[in-house]
Amino acid sequence: MPCTIKNPANIDLSVLEPHVQGMYDYFDHKLSFKKPPTMIFGSDPSNQSSVLGKTAYYDPTSLEIHIYSDGRHPKDMLRSIAHELIHHQQNLEGRLDVGGYSGPGYYLENDKLRVIEHEAMLEGNKLLREYEDTIKKESKDMSLKEWKNNELNQLIMKKFGILKESQELDELSNNKNHHNAHRGNNQQGRLREDEEVAEEDKKPMEKDTDDEVPAFLKEGDKFIINKNLSETIQKALKIAKGK
Ligand SMILES: [Zn+2]
50 MPCTIKNPAN IDLSVLEPHV QGMYDYFDHK LSFKKPPTMI FGSDPSNQSS VLGKTAYYDP
110 TSLEIHIYSD GRHPKDMLRS IAHELIHHQQ NLEGRLDVGG YSGPGYYLEN DKLRVIEHEA
170 MLEGNKLLRE YEDTIKKESK DMSLKEWKNN ELNQLIMKKF GILKESQELD ELSNNKNHHN
230 AHRGNNQQGR LREDEEVAEE DKKPMEKDTD DEVPAFLKEG DKFIINKNLS ETIQKALKIA
290 KGK
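Reading the sequence shown from the start, the letters are residues 50 to 292 in our numbering.
(1) Tell me the DSSP bridge mates of D294?
(2) Measuring CB to CB, does L65 end up less than 8 Å from T87?
(3) So who's on the other strand from F90, going by DSSP bridges?
(4) Check the C-beta distance from T281 over to I184 and give it rounded, since I have them as a contact under 8 Å.
(5) Can you check the stretch 121-194 for any alpha helix (DSSP H) of at least 4 residues that lies completely inside it and give the ranges in chain order?
(6) Is DSSP giving K55 helix, strand or coil here?
(7) Per DSSP, what kind of secondary structure is K207 in: helix, strand or coil?
(8) Are the stretch 130-148 and the stretch 172-182 touching by the rule of at least three beta carbon pairs closer than 8 Å?
(9) May I ask you to report which of helix, strand or coil DSSP gives D69?
(10) For L62, which residues of its own chain have a beta-carbon under 8 Å away from its beta-carbon, when the five flanking residues on both sides are left out?
(11) For K83, does the three-state DSSP call read helix, strand or coil?
(12) Could you have a look at S63 and say whether DSSP puts it in helix, strand or coil?
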């Protein structure tokens, strides 16, 4: 069952929303939530200016996850949601209300609540990373397939004399490069990066990708990426569910 998303902050959720639903589905598959939460993207500009301000909270009575969304990186918001989804599960299992002090600084004061918080920190980040890598692996396989199809198309075109002169090949390649530069976050462009990574598999540990900021996207690009993304998420979830 998909969760309800409300957006009173009226932020642009076009790129983030498929991931919010996709990540929720992934968590739901792993944790089997008895009830879905409602996710609310709110705005509080005074909180934004506070370095140690709030990022998100969970309301155990209304089953609402509130996300402070002013000026946030989308992945940072996903991390907040992942954390609160674990609190949601703890609440549905009747484990969230441990009693004792729960005011500011509770983490240092309340041992039972600290255990609950540790679980949310660990499990939330862990499942988010699993979701992320499932998606990345699936989209890499997909872009490899697309790339192979393109190479195949060129071979076929050459064989049937559609591509004869080197000039035409150059034109095609120029157009392709221009197109890639245009699309920014293009999957073919990414493929080369991925291949390089694959060749360097001996590296002890893959670099943390937390600082991987998506390039600025135009409306058309968002549409293409979202279309690919929802297909990728569906495929990845199917694979995850088969396990
Ligand atoms: Zn927490």
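Even glycine gets a Cβ: it sits at the ideal position worked out from N, Cα and C.
Every value quoted in this text rests on a predicted model; they were computed, and no experiment measured them.
In this structure, then:
(1) There is no way to answer for residue 294, as the model of the chain reaches only from 50 to 292.
(2) no
(3) F90 is bridged by DSSP to I116.
(4) 6 Å
(5) 123-141 and 155-158
(6) strand
(7) Secondary structure at K207: helix, using DSSP grouped into helix, strand and coil.
(8) yes
(9) The identity of residue 69 in the sequence shown is Val, whereas the question assumes Asp. Helix.
(10) Result list for L62: I54, N56, V69 and F90, in chain order.
(11) coil
(12) coil
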